[in-house]
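In the numbering used here, each number is its position in the sequence shown, counted from 1, plus 84.
C-beta atoms are modelled at their ideal positions from N, C-alpha and C, and glycine is treated no differently.
Fair warning: this is a prediction, and the values are worked out from it, not measured in the lab.
Following: one structure in structure tokens, then a few remarks.
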Amino acid sequence: MGIDLERNGRKKKGGRRTVKSQNPYLRLLVKLYQFLARRTNSRFNAVVLKRLMNPKRLKAPMSLSKLARHMKGKEDHIAVLVGSVTDDIRMVHAPKLTVCALRFSETARRRLEKAGGECLTFDQLALRRPKGSKCVLLRAATKSREADKHFGAAP
Numbered sequence: 085m086g087i088d089l090e091r092n093g094r095k096k097k098g099g100r101r102t103v104k105s106q107n108p109y110l111r112l113l114v115k116l117y118q119f120l121a122r123r124t125n126s127r128f129n130a131v132v133l134k135r136l137m138n139p140k141r142l143k144a145p146m147s148l149s150k151l152a153r154h155m156k157g158k159e160d161h162i163a164v165l166v167g168s169v170t171d172d173i174r175m176v177h178a179p180k181l182t183v184c185a186l187r188f189s190e191t192a193r194r195r196l197e198k199a200g201g202e203c204l205t206f207d208q209l210a211l212r213r214p215k216g217s218k219c220v221l222l223r224a225a226t227k228s229r230e231a232d233k234h235f236g237a238a239p
């Protein structure tokens, strides 16, 4: 008896198993979060790992104003963004937030730290909150890319 291929007998699992980027820092983060996802059984770590392995176009940047809007009333939590945080000059006062991201623009980092907040990296987050408790996982809009607006998602 064999597998009936016409009746969907052999299905391949989708998704990435490893990071495609050659960035050594990103590769180390993936190793760290693979370990954490396996050892802690935390859904938070599994989602962070999945997002770290995403392509660059799905790691969209988020402005400081949108970050502040999402974190209103959750100032004691850590905002986690697998992407970069950019500055928004339309916002007069930056809030006091603790933010973890892959990258911060120079002015966004300066404004957050001036307001009394913190800018964390993912390895610092893993030491501080290994299970992701009191963390808010955020994701920026990916459909606002120019290429997505005109042509849709890449094939």
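Residue j beta carbon less than 8 Å from that of residue i
i: Val-166; j: Val-132; result: yes
i: Thr-205; j: Arg-141; result: no
i: Phe-188; j: Val-169; result: yes
i: Met-137; j: Leu-222; result: no
i: Leu-186; j: Lys-143; result: yes
i: Leu-181; j: Leu-151; result: yes
Local Cβ density within 10 Å of residue i, reported as buried at 16 or more and exposed below that
i: Pro-179; result: buried
i: Val-176; result: exposed
i: Leu-211; result: exposed
i: Tyr-117; result: buried
i: Ala-224; result: buried
i: Asn-129; result: buried
i: Arg-94; result: exposed
i: Gly-216; result: buried
Bridge-paired residues (DSSP) for residue i
i: Arg-187; result: Ser-168
i: Val-220; result: Ala-163
i: Ile-182; result: The identity of residue 182 in the sequence shown is Thr, whereas the question assumes Ile. Thr-182 pairs with Ile-162, Glu-202.
i: Met-146; result: Val-169
Nearest-angstrom Cβ-Cβ length linking residue i and residue j, presumed shorter than 8 Å
i: Lys-158; j: Val-220; result: 6 Å
i: Asp-160; j: Lys-218; result: 7 Å
i: Lys-195; j: Leu-148; result: Note that residue 195 corresponds to Arg in the displayed sequence, not to Lys. About 7 Å; that satisfies the 8 Å criterion.
For residue i, the nearest candidate out of the options (CA to CA)
i: Arg-127; options: Pro-108, Pro-214, Phe-235, Ala-144; result: Pro-214
i: Thr-191; options: Asn-107, Asp-172, Leu-209, Gly-216; result: Asp-172
i: Gly-98; options: Lys-134, Gln-208, Glu-202; result: Lys-134
i: Leu-110; options: Glu-202, Pro-139, Arg-123; result: Pro-139
i: Met-155; options: Glu-230, Gly-201, Asp-207, Pro-108; result: Gly-201
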